[in-house]
Amino acid sequence: MSRESGIGNRDSGNGSADGWVAGAKPATATSGVVENPFFEYLLRLADDRLVLGHRLSEWCGHAPILEEDIALANIALDLIGQASLLLKLAGEVEGKGRSEDALAYFRDAIEFRNAQLVELPNGDFAVTIVRQFLFDAWDVLVLERLTTASKQTLAGIAAKALKEAKYHLRHTAEWVRMLGDGTVESHARAQRALDDLWPYTAELFLSDAIDAEAVGSGSGVDVESLRPRWRQTVDQVMAEATLNVPKDGFAPRGGRTGRHTEHLGRMLSDMQSLARAHPGAAW
Amino acid sequence: MVTVADSRREEILAWLEEVKDPEVPVLSIRELGVLRDVEVSGDEVVVVMTPTYSGCPAMHAMEADVVATLARHGVPNARVKTVYAPPWTTDWISDEAKAKLAAYGIAPPARVESDDLVPLRRRAPVECPYCHSVNTIVRSEFGSTACKAILFCNGCHQPFELFKSI
Numbered sequence: 002m003s004r005e006s007g008i009g010n011r012d013s014g015n016g017s018a019d020g021w022v023a024g025a026k027p028a029t030a031t032s033g034v035v036e037n038p039f040f041e042y043l044l045r046l047a048d049d050r051l052v053l054g055h056r057l058s059e060w061c062g063h064a065p066i067l068e069e070d071i072a073l074a075n076i077a078l079d080l081i082g083q084a085s086l087l088l089k090l091a092g093e094v095e096g097k098g099r100s101e102d103a104l105a106y107f108r109d110a111i112e113f114r115n116a117q118l119v120e121l122p123n124g125d126f127a128v129t130i131v132r133q134f135l136f137d138a139w140d141v142l143v144l145e146r147l148t149t150a151s152k153q154t155l156a157g158i159a160a161k162a163l164k165e166a167k168y169h170l171r172h173t174a175e176w177v178r179m180l181g182d183g184t185v186e187s188h189a190r191a192q193r194a195l196d197d198l199w200p201y202t203a204e205l206f207l208s209d210a211i212d213a214e215a216v217g218s219g220s221g222v223d224v225e226s227l228r229p230r231w232r233q234t235v236d237q238v239m240a241e242a243t244l245n246v247p248k249d250g251f252a253p254r255g256g257r258t259g260r261h262t263e264h265l266g267r268m269l270s271d272m273q274s275l276a277r278a279h280p281g282a283a284w
Numbered sequence: 012m013v014t015v016a017d018s019r020r021e022e023i024l025a026w027l028e029e030v031k032d033p034e035v036p037v038l039s040i041r042e043l044g045v046l047r048d049v050e051v052s053g054d055e056v057v058v059v060m061t062p063t064y065s066g067c068p069a070m071h072a073m074e075a076d077v078v079a080t081l082a083r084h085g086v087p088n089a090r091v092k093t094v095y096a097p098p099w100t101t102d103w104i105s106d107e108a109k110a111k112l113a114a115y116g117i118a119p120p121a122r123v124e125s126d127d128l129v130p131l132r133r134r135a136p137v138e139c140p141y142c143h144s145v146n147t148i149v150r151s152e153f154g155s156t157a158c159k160a161i162l163f164c165n166g167c168h169q170p171f172e173l174f175k176s177i
């Protein structure tokens, strides 16, 4: 951890270009063959939410004020709920009898398909809020498109999640404004968080053959096309927050094919420990 | 023409009025809008439900209550089917049910006016369920459950909860 914001270590997780070359066959860190592309696609949607939801839940009992403690726990609950619905659907699509719990608790880091942005440590409150805002602004656009997915269960989950995501975005946008246009200290921390997180947002807009297949079947989102609208929201809120949007440059990637930063494994060792110590246990 | 299945369905819907939201025990699951339908075919009873929020932990309790309540009324094999579309909205809560919420001390949800991303703090004033003052402020956009926010009344100096409009 070289920086106070707690992100640091920019060398980790910069995966190779496998699977990201236009026209190339999708490959993952676990195998060169993708048997079921739509299952993979659903994991990408679900794992962003599961991992970010767990990160937010780490704030429970630690947030700077009680109201925000409750807010972060509520947003975590929504994201984990969405992940649960999506993983259940993924399990059905896979057709190997894996439940949402099996997929959440009995896959290793290399089998996770979330973007690296969501697995980074929480850092300080500014890092958590800025990351959440950057994600929410993207998430609303993704879910909007998925409400017309040809797979009806996915469209239904997206319509429900979209209402929640809009509420999250309004809340986090408000906080970005307050932190950026707040005190000298809160401004500096928010700007540092934005600078550190910015490179990791690039991965949200990358697509490969798995995305293309989902888009082709009418149940996926062309994420690259969302970027202008996302930038519009981000630029507007950052201007109001008196924060400078960094230049694009260094862009780590690989999360979507199972190449993660060192942080995901540590997070999972905490998140999965109970389920693995007592497999099959029920409340 | 009223068929046997129709009257059976009405009977089951009446029994399900006993099932309340565990977090808001003045509303039945029908009044809340979570109970969508009951499908009867022969001996098979399927209760169709939709969640309020994706991660609402009370859903499991409500589903278990539905099955237990029907078993008590001699329907041993009822099954719950969860649907996500159309997505749940607080606009499904009737005026009568909203009055029950206010009497219980929870400010009822306003009608969902727009789906746009209006900043949260610029919404219409909320009336205090205790003293009816509109001199109230939002303390927290999120509350003790996924469906509520926390407000404070400057009139009677009392905190209260608001059912969020979604």
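Protein sequence lines correspond, in order, to chains S and W. Under the working numbering, the first residue of the first sequence is numbered 2, with each subsequent residue one higher. Under the working numbering, the first residue of the second sequence is numbered 12, with each subsequent residue one higher. Glycine residues also receive a C-beta, built at the ideal position from the N, C-alpha and C atoms.
Whose Cβ in chain S lies nearer than 9 Å to the Cβ of W/A157? Your numbering for residue 157 of chain W matches position 146 in the second sequence. Here the neighbours are N75, L78, D79, G82, E165.
May I have the straight-line CA-CA distance separating S/V285 from S/W199, to the nearest angstrom? Lying outside 2 to 284, the shown extent of chain S, residue 285 of chain S is not represented and no answer is given.
Measuring CB to CB, does S/R228 end up less than 7 Å from S/F251? Mapped onto the first sequence, residue 228 of chain S falls at position 227. Mapped onto the first sequence, residue 251 of chain S falls at position 250. It is not a contact, given that the beta carbons lie outside the stated cut-off.
Can you find a CB in chain W that lies within less than 7 Å of the CB of S/A162? The residue labelled residue 162 of chain S in the question sits at position 161 within the first sequence. Yes, contact with chain W.
Under 8 Å by Cβ, that's how I've got S/F313 and S/G259 pegged, so tell me the actual separation to the nearest angstrom. For chain S, the structure presents residues 2 to 284; residue 313 of chain S sits outside this window and is missing.
Would you mind reading off the limits of the beta strand (DSSP E) that contains W/A160? In the second sequence, residue 160 of chain W corresponds to position 149, counting from 1. Under the DSSP assignment, W/A160 falls in the beta strand (DSSP E) whose first and last residues are 159-164.
At a Cβ threshold of 7 Å, is W/I104 touching chain S? The residue given as residue 104 of chain W occupies position 93 in the second sequence. No, because no Cβ of chain S sits closer than 7 Å to the Cβ of W/I104.
Chain W contact for S/G157 (CB, 7 Å cutoff): Locating residue 157 of chain S in the first sequence gives position 156, counting from the first residue. Taking Cβ atoms only, chain W reaches closer than 7 Å to S/G157, which makes this a yes.
Return the bridge partner residues of W/A89 from the DSSP annotation. Sequence index remark: in the second sequence, residue 89 of chain W carries index 78 (1-based). Answer is none; W/A89 lacks a bridge partner.
Consider the Cβ of W/I177: report whether some Cβ of chain S lies at a distance smaller than 7 Å. To locate residue 177 of chain W, count along the second sequence from 1; it is residue 166. Chain S contact via Cβ: present.
Neighbour list for W/C164 in chain S, Cβ cutoff strictly below 9 Å: Taking the second sequence and counting its residues from 1, the one referred to as residue 164 of chain W is at position 153. Within 9 Å Cβ-Cβ: nothing; W/C164 doesn't reach chain S, min ~16 Å.
Cβ-based burial, W/V45 [other Cβ within 10 Å; buried from 16]: The residue labelled residue 45 of chain W in the question sits at position 34 within the second sequence. Buried is the call here.
Compare the C-beta of S/L86 with all C-beta atoms of chain W and state if any pair is closer than 7 Å. The sequence position of residue 86 of chain S within the first sequence is 85, counting from 1. Answer yes: the Cβ-Cβ gap between S/L86 and chain W drops below 7 Å somewhere.
Shorter than 7 Å from the beta carbon of W/S52 to some beta carbon of chain S? Here residue 52 of chain W is taken as the residue at index 41 of the second sequence, counted from 1. It does not; no Cβ of chain S falls within 7 Å.
Could you tell me whether the Cβ atoms of W/T11 and W/V94 are closer together than 7 Å? Summary: the structure shown does not reach residue 11 of chain W, with chain W confined to residues 12 through 177, and so no result is reported for it.
If S/P247 sits next to S/E204, beta carbons under 8 Å apart, how far is it from one beta carbon to the other, in whole angstroms? By 1-based counting over the first sequence, the position of residue 247 of chain S is 246. By 1-based counting over the first sequence, the position of residue 204 of chain S is 203. Cβ-Cβ separation between S/P247 and S/E204: approximately 15 Å, too far for a contact (criterion under 8 Å).
Which of the three DSSP states is assigned to S/K248 in this structure? Residue numbering aside, residue 248 of chain S sits at position 247 when the first sequence is read from its first letter. Per DSSP, reduced to three states, the secondary structure at S/K248 is coil, with no helix or strand assignment.
In DSSP terms, what W/I178 is bridged to: Only positions 12 to 177 of chain W appear in this structure, which leaves residue 178 of chain W out of reach.
Contiguous beta strand (DSSP E) assignments of at least 3 residues, all confined to the region 96-134 of chain S: Those beta strand (DSSP E) runs which fall completely within the region 96-134 of chain S and span 3+ residues do not exist here.
Assuming W/V77 is part of the alpha helix (DSSP H), what are its boundary residues? Translated into the one-based positions of the second sequence, residue 77 of chain W becomes position 66. Taken as a continuous stretch (DSSP letters only), the alpha helix (DSSP H) holding W/V77 covers 69-83.
Using CA coordinates, which residue listed in W/F163, W/G154, W/T156 is at the minimum distance from W/P136? Taking the first residue of the second sequence as position 1, residue 136 of chain W is located at position 125. Of the listed residues, the one whose Cα sits closest to W/P136 is W/F163.
Nearest to S/R45 (by Cα), restricted to the options S/L121, S/D79, S/I211, S/V128: To locate residue 45 of chain S, count along the first sequence from 1; it is residue 44. When S/L121, S/D79, S/I211, S/V128 are compared, the shortest CA-CA separation from S/R45 is found for S/I211.
So who's on the other strand from W/L38, going by DSSP bridges? Counting from 1 along the second sequence, the entry for residue 38 of chain W is found at position 27. In the DSSP output, where bridge partners are listed per residue, W/L38 has none listed.
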